[in-house]
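The structure under discussion appears below in the form of structure tokens.
Number of protein chains: 2
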Amino acid sequence: MKVYLTISRQLEMDIRDYFSPGDYLPPEARLAERFGVNRHTVRRAIDELVANGLVQRHQGKGNMVLRQPQQYRLHEGAHFTGCLLEQGSLPSSQVICSRLVTASDKLARELGIEPEQKIIQLQTLRHMEGIPRCVINHYLSDPQWWPAIKHFQQGSLHGFLKRALSVELKRESTRLGARAPSNEECRLLQINKSVPVMRIKTRNQLKGSNRIAEYSVSSARADLIEYVVEH
Amino acid sequence: MKVYLTISRQLEMDIRDYFSPGDYLPPEARLAERFGVNRHTVRRAIDELVANGLVQRHQGKGNMVLRQPQQYRLHEGAHFTGCLLEQGSLPSSQVICSRLVTASDKLARELGIEPEQKIIQLQTLRHMEGIPRCVINHYLSDPQWWPAIKHFQQGSLHGFLKRALSVELKRESTRLGARAPSNEECRLLQINKSVPVMRIKTRNQLKGSNRIAEYSVSSARADLIEYVVEH
DNA sequence: TCCCATTTGTACGTATGTATG
DNA sequence: CCATACATACGTACAAATGGG
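Here the protein sequences line up with chains A and B, keeping their order.
Its first residue numbered 1, the first sequence is counted upward by one per residue in the UniProt record's numbering.
Its first residue numbered 1, the second sequence is counted upward by one per residue in the UniProt record's numbering.
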């Protein structure tokens, strides 16, 4: 029997019984000592856990438990179902970071502005039942909103814009795709590369105008989220 | 710069220039010698190619090239854009197979019928520009349609139903997700496991009734298709 | 800022097991 | 049975990231 597979299974059981998501496994060196094998063999075993999305490696820190083995049966019911049109008005989002950036060519095109202009970037993360499920990058074309926006912490972005700036937004377009997650998405959503993310790109106009005020890209864990379209 | 990454990139270029899908790379030992590195380092480089779906390992035989690197640049423009609501009415679909099957519990639930009943299954594949992009499984709850349906070869299913059976369907629900492709989807869409598929599940009622007449599951290559939602 | 201990990441070397033809 | 080629496992060393003093 392959050593790394038996170790991998033992670690799975350990995780189930003694660890919680967010915990760090013992250092590889210690595990190697405990199992009486070389550190490479432990690494190979942990590779399996990483490939199965159970564990995430953090250089210099350790190997973090993402979730329990019995929880990672994908696509077996118990999905969350989101509404496709609620983007930006989600009440339970939390701001990860917000800053002024210069618009890339691509972003400028989406926002209908000239490249190199300053825009506001806002990154929010949405949890449900304590699990991060969706990360959204909002791009706002009007840098004059910055003094107000930088105090936005959590809740509904569109609600905040209305309250703080008397601005109302109207959906102009919605595009829908899927792809393998970026490294940053893996980190924020606590997944690994094998779990696709669904991506929703929306453009929102200022109400009563046809200028694009906001462009947002949402990435949702495809193993936990399913969207419904309203008819 | 990390050695294994530069080797991996060199191998990608070699594959593009000198290898065809189905070819075998030189043995790892030879590559190690050629690059002046240890065999483990070559293995690590090939791991990257395997993870990107470029190469498959065959113990005792060698490492087989699956496809060319330039084919797998994902999400770099030149997407096809589909409309989310056109399912079943696609004119350019081609029937892969059609048959009478017994409904599983899951399908019965979706169709609102009892399990074990006979239903019609229709599998269609949609090409665009010669590339298979979307495979759809249609399930029709009324087996009496079978004599007519079994002659359906290509075109719009909903159009055919209207012409041949005077039946009109109306969308009742649309659900949207993404996941890694099944083996069958890999085969039909000519992709490998690293390319996610977007899945659209729809339920269609008989017009003027609320019985579900059709349940369909569409799987589209997420690297080539983006859907737009009409407002 | 800098140093240091800890921990993961990369790279080398060697040996043996296992599948293929 | 044999040669070839990939798979696993041992060992060693140093690089790179992290966090605390």
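Heads up, the beta-carbon is just placed ideally off N, CA and C, and yes, glycines get one too.
Query, Result
"Measuring alpha carbon to alpha carbon, tell me which of Ser216/A, Leu66/A, Asp23/A ends up nearest Lys170/A.", "Ser216/A"
"Residue ranges of each beta strand (DSSP E) run of no fewer than 3 residues wholly in the segment 149 to 221 of chain B, ordered along the chain?", "169 to 179, 197 to 206, 212 to 221"
"Quick check: is the beta carbon of Gly60/B nearer than 7 Å to any beta carbon in chain A?", "no"
"What does Met198/A touch in chain B if you count any residue whose Cβ is under 8 Å from its own?", "Leu176, Gly177, Ala178, Met198"
"Let's test the definition: count the other Cβ atoms within 10 Å of the Cβ of Met13/B and tell me whether it reaches 16, buried, or not, exposed.", "exposed"
"Quick one: Cα of Leu161/A to Cα of Gln56/A, how far?", "36 Å"
"Could you check which residue in Val95/B, Glu116/B, Leu5/B has the C-alpha nearest to that of Ala51/B?", "Leu5/B"
"Starting from Tyr4/B, trace the alpha helix (DSSP H) both ways and give me its first and last residue.", "3 to 18"
"Please state whether DSSP places Gln144/A in a helix, a strand or coil.", "helix"
"What's the gap between the Cα of Gln59/B and the Cα of Arg34/B?", "21 Å"
"Less than 8 Å between the CB atoms is what I'm expecting for Arg179/A and Pro196/B, so what's the real figure, rounded?", "6 Å"
"Under the three-state reduction of DSSP, which class applies to Ile46/B: helix, strand or coil?", "helix"
"The segment 211 to 228 of chain B: which residues have C-beta closer than 8 Å to a C-beta of chain A, in chain order?", "Ala222, Asp223, Ile225, Glu226, Tyr227, Val228"
"Is it buried or exposed, His158/A, if we count other Cβ atoms within 10 angstroms and call 16 or more buried?", "buried"
"For a test of the three-state rule: what should DSSP assign to Arg34/A, helix, strand or coil?", "helix"
"So Arg175/A and Lys150/A are supposed to be a Cβ contact under 8 Å. How far apart are they, rounded?", "At roughly 28 Å, the Cβ-Cβ gap does not stay under 8 Å, so Arg175/A and Lys150/A are not in contact."
"Helix, strand or coil for Arg57/B per DSSP?", "strand"
"So the alpha helix (DSSP H) Arg109/A belongs to, where does it begin and stop?", "105 to 111"
"By the DSSP assignment, the beta strand (DSSP E) with Asn63/A in it spans what residues?", "62 to 65"
"In chain B, what lies closer than 9 Å to Ser182/A by C-beta?", "Those within 9 Å of Ser182/A in chain B number zero; the least Cβ separation is about 11 Å."
"Among the residues of its own chain, which have a CB less than 6 Å from the CB of Ser194/B, if the five just before and after it don't count?", "Gly53"
"What are the boundary residues of the beta strand (DSSP E) that includes Gln94/B?", "93 to 102"
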